[in-house]
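Protein chains in written order, with our numbering: chain F, 21 to 399; chain P, 730 to 1052.
Here it is, written out as structure tokens:
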């Protein structure tokens, strides 16, 4: 090991502890339960980022450790976080729903850096304005903007919308309606899915009737937990593509992403987790890598210094998305491209060519500076 | 009649003479086709396409130009192609997922970066023996051995470092932190400076090889191209010490940098996602691989312009030129 150090002896030893807290969320019974989401979605991404960071760290005498906990009870996670904060931990990666994320920002000290790596809630990006809250998971607005840009580019303008019954489904639908308005798509029909029949047997007869309409270019589905959405494909009244939570889907990450060196991240993840990397894994990976990147450059574990670095113009994260990633100053959201995928292939990546922005094309996805209430508080 | 025959003979003679003079051959690895395209630089056409191992990326010539070494990344091997017959005559143990490599001036020791394993493997090309494996950062990529043979360097894309390796002891001696996603490294002819490109950082660092400290960071700005699309990858230095050429990836341009003042003097428009480059022998031409457009741009160095593009296979990656 002595040989490893050389003139990097100038670096002093730093130990960085990062907390990863994951809320298990019961999705309720779903029809399409053949390929469930892995229970450690998120955790494995954080673990890989720790490995990646330690490989870098050993040349600088930096050591990264993950302290992880998973529970279905938000209070357990919150108590854990408070205890960790007391012990001196200042970096928290949270994979939980909107309500739980809010509790964390309310109860941890202002010098803790909190990374939301689980919730896509638009509210968290518009109205929750703690300057120590960052989001590595894309907001629903980013996802639906990415999709709407593609629809516009493909001239698929007339949308038939189907929305599931959960609050999340409605949030996804509302987000898409905002995107449709923003990019000039027209919604020709809106329907709510509230049936409780076993579609596995009857989709072929029920779905065509449900999607009966004079004309539409595409069917949009909001079914985040995957209850009925898979049965819409190939069963629509008119033979049209399906987009949204099923069919062509906007994601933070997926196995089919392999450009820009992503193939290497995919194969490292496969080797370490023995499964495919998904959006939650990617978001947790990006959060841990953000902390490590700051420590590498600032040469300190001091959270306030690193907070300053992460929000500075110097910060850049190599996130295998073809360009450097950084955080929006107005709401702490990680700017990123959004892959549009189907289960076996990458179809496109947004922002689409031609969607321009005065400062950064990535800001055509999600809430721009003027669309959040937080601009002042975060300064 | 006689006159005509003499003319023909003359014409044939001069053709032979010119092909003897200029019959340089370029080899291009096609990452997504598992092939090597062979280009006659006299006619600037592809004369042959050879099947090789899976996902060929880095390619280099032996110092005597008799062999071509090919990193077949997904086959986890370095293949050796005999250039007299264009046959693969040997496979060298390379460690997993070899991506780029560099040959020591002794023409024997091959330094290979193993992208998936965070290792540099040193192989003796004659005995096929692995001499050493050295731990480096995550996703090792660029490799170079100094022309004086004393040091080897490797870049790691996710660790963002240049790792310095002692070529006698085969040990890591130092690390220099550079910008995000360092890709390629080139030594100056006198081994005194090292040029290292950073793809996502959008810079090229010029590093003093004695102090191993950065002496200059070069940035790029092309009118009409968003700065995030400026992603430096390949670097090539001209032997006369005047120029550094930097391939800027999805910016679809090659930057011409004054190697003394470090000022960017020009940007040459080439194909899409320009990756790696190589000079012909007299350095009048520079060939650049364009991954997305699937071709090779031929740059006339005196005019600083791309004069031709030659269609090759899918995702051309590396290029080597035999005089």
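All residues carry an ideal CB built from backbone N, CA and C; glycine is no exception. No experiment lies behind these values; they were computed from the predicted model shown.
{"Query": "With contact counted as at least three CB pairs below 8 Å, one residue from each stretch, are the segment 134-152 of chain F and the segment 203-213 of chain F in contact?", "Result": "no"}
{"Query": "With distance defined between alpha-carbon atoms, name the residue in P:780, P:975, P:1047 and P:1026 nearest to residue 773 (chain P).", "Result": "P:1026"}
{"Query": "Return yes when the Cβ of residue 306 (chain F) is within less than 9 Å of the Cβ of residue 354 (chain F), no when it is not.", "Result": "yes"}
{"Query": "In angstroms, rounded to a whole number, what distance separates the CA positions of residue 891 (chain P) and residue 905 (chain P)?", "Result": "5 Å"}
{"Query": "Identify every residue that forms a DSSP beta bridge with residue 904 (chain P).", "Result": "P:892"}
{"Query": "Please name the residues in the segment 275-286 of chain F whose beta-carbon is closer than 7 Å to at least one beta-carbon of chain P, in chain order.", "Result": "281 and 284"}
{"Query": "Below 9 Å between beta carbons: does that hold for residue 947 (chain P) and residue 959 (chain P)?", "Result": "no"}
{"Query": "Any beta carbon of chain P sitting closer than 9 Å to that of residue 320 (chain F)?", "Result": "no"}
{"Query": "Need the endpoints of the beta strand (DSSP E) that residue 99 (chain F) sits in, please.", "Result": "Run containing residue 99 (chain F): none in the beta strand (DSSP E); it sits in the alpha helix (DSSP H), 94-107."}
{"Query": "Comparing C-alpha positions only, which one of F:325, F:228 and F:69 sits nearest to residue 132 (chain F)?", "Result": "F:325"}
{"Query": "Do residue 17 (chain F) and residue 292 (chain F) have their CB atoms nearer than 9 Å?", "Result": "There is no way to answer for residue 17 (chain F), as the model of chain F reaches only from 21 to 399."}
{"Query": "State the Cα-Cα distance for the pair residue 845 (chain P) and residue 830 (chain P), rounded to the nearest angstrom.", "Result": "14 Å"}
{"Query": "Which full runs of the beta strand (DSSP E) of 3+ residues lie inside the segment 251-302 of chain F, going along the chain?", "Result": "262-264"}
{"Query": "Give the interface partners of residue 1043 (chain P) over in chain F, defined as CB-CB distance under 7 Å, in chain order.", "Result": "Residues of chain F passing the Cβ test: none, with the nearest at roughly 14 Å."}
{"Query": "Compute the beta-carbon to beta-carbon distance between residue 136 (chain F) and residue 114 (chain F), rounded to the nearest angstrom, for a pair I have assumed lies under 8 Å.", "Result": "6 Å"}
{"Query": "Mapping the DSSP letters down to three states, classify residue 213 (chain F) as helix, strand or coil.", "Result": "coil"}
{"Query": "List in chain order: all unbroken alpha helix (DSSP H) runs of 4+ residues lying wholly within the segment 109-135 of chain F.", "Result": "118-127"}
{"Query": "Does DSSP put residue 137 (chain F) in a helix, a strand or coil?", "Result": "coil"}
{"Query": "Kindly list, in the order they appear in chain F, the residues whose Cβ is closer than 9 Å to that of residue 845 (chain P).", "Result": "284, 287, 288 and 291"}
{"Query": "Could you have a look at residue 36 (chain F) and say whether DSSP puts it in helix, strand or coil?", "Result": "strand"}
{"Query": "The beta strand (DSSP E) that contains residue 774 (chain P), what's its start and end?", "Result": "774-780"}
{"Query": "Out of curiosity, what's the CA-to-CA distance linking residue 39 (chain F) and residue 83 (chain F)?", "Result": "14 Å"}
{"Query": "Considering residue 201 (chain F), what are the terminal residues of the alpha helix (DSSP H) in which it resides?", "Result": "187-202"}
{"Query": "Check each candidate in P:1050, P:1022 and P:853 and name the one with the smallest Cα separation from residue 1038 (chain P).", "Result": "P:1022"}
{"Query": "Which two residues bound the contiguous beta strand (DSSP E) that contains residue 976 (chain P)?", "Result": "972-976"}
{"Query": "Let me confirm a value: residue 749 (chain P) is counted as buried when at least 16 other C-beta atoms fall within 10 Å, else exposed. Which label applies?", "Result": "Note on residue 749 (chain P): pLDDT 46, under 50, position unreliable in the model; the coordinate value appears next. Exposed, because fewer than 16 other Cβ atoms sit within 10 Å of the Cβ of residue 749 (chain P)."}
{"Query": "Out of P:955, P:763, P:807 and P:767, state which residue places its alpha-carbon closest to the alpha-carbon of residue 838 (chain P).", "Result": "P:807"}
{"Query": "Per DSSP, what kind of secondary structure is residue 166 (chain F) in: helix, strand or coil?", "Result": "helix"}
{"Query": "With DSSP as the reference, please indicate the residues paired to residue 370 (chain F) in a beta bridge.", "Result": "F:358"}
{"Query": "Write down every uninterrupted run of the alpha helix (DSSP H) in the segment 933-986 of chain P whose length is 4 residues or greater and which is fully enclosed by it, in chain order.", "Result": "none"}
{"Query": "Quick check on the DSSP output: the beta strand (DSSP E) that includes residue 769 (chain P) runs from which residue to which?", "Result": "764-769"}
{"Query": "Assuming residue 268 (chain F) contacts residue 367 (chain F) (C-beta within less than 8 Å), just tell me the rounded distance between them.", "Result": "6 Å"}
{"Query": "Given that a residue counts as buried once 16 or more other Cβ atoms are within 10 Å of its Cβ, and exposed if not, what is residue 886 (chain P)?", "Result": "buried"}
{"Query": "Who are the Cβ neighbours of residue 74 (chain F) in its own chain at under 6 Å, not counting the five residues just before and after it?", "Result": "84"}
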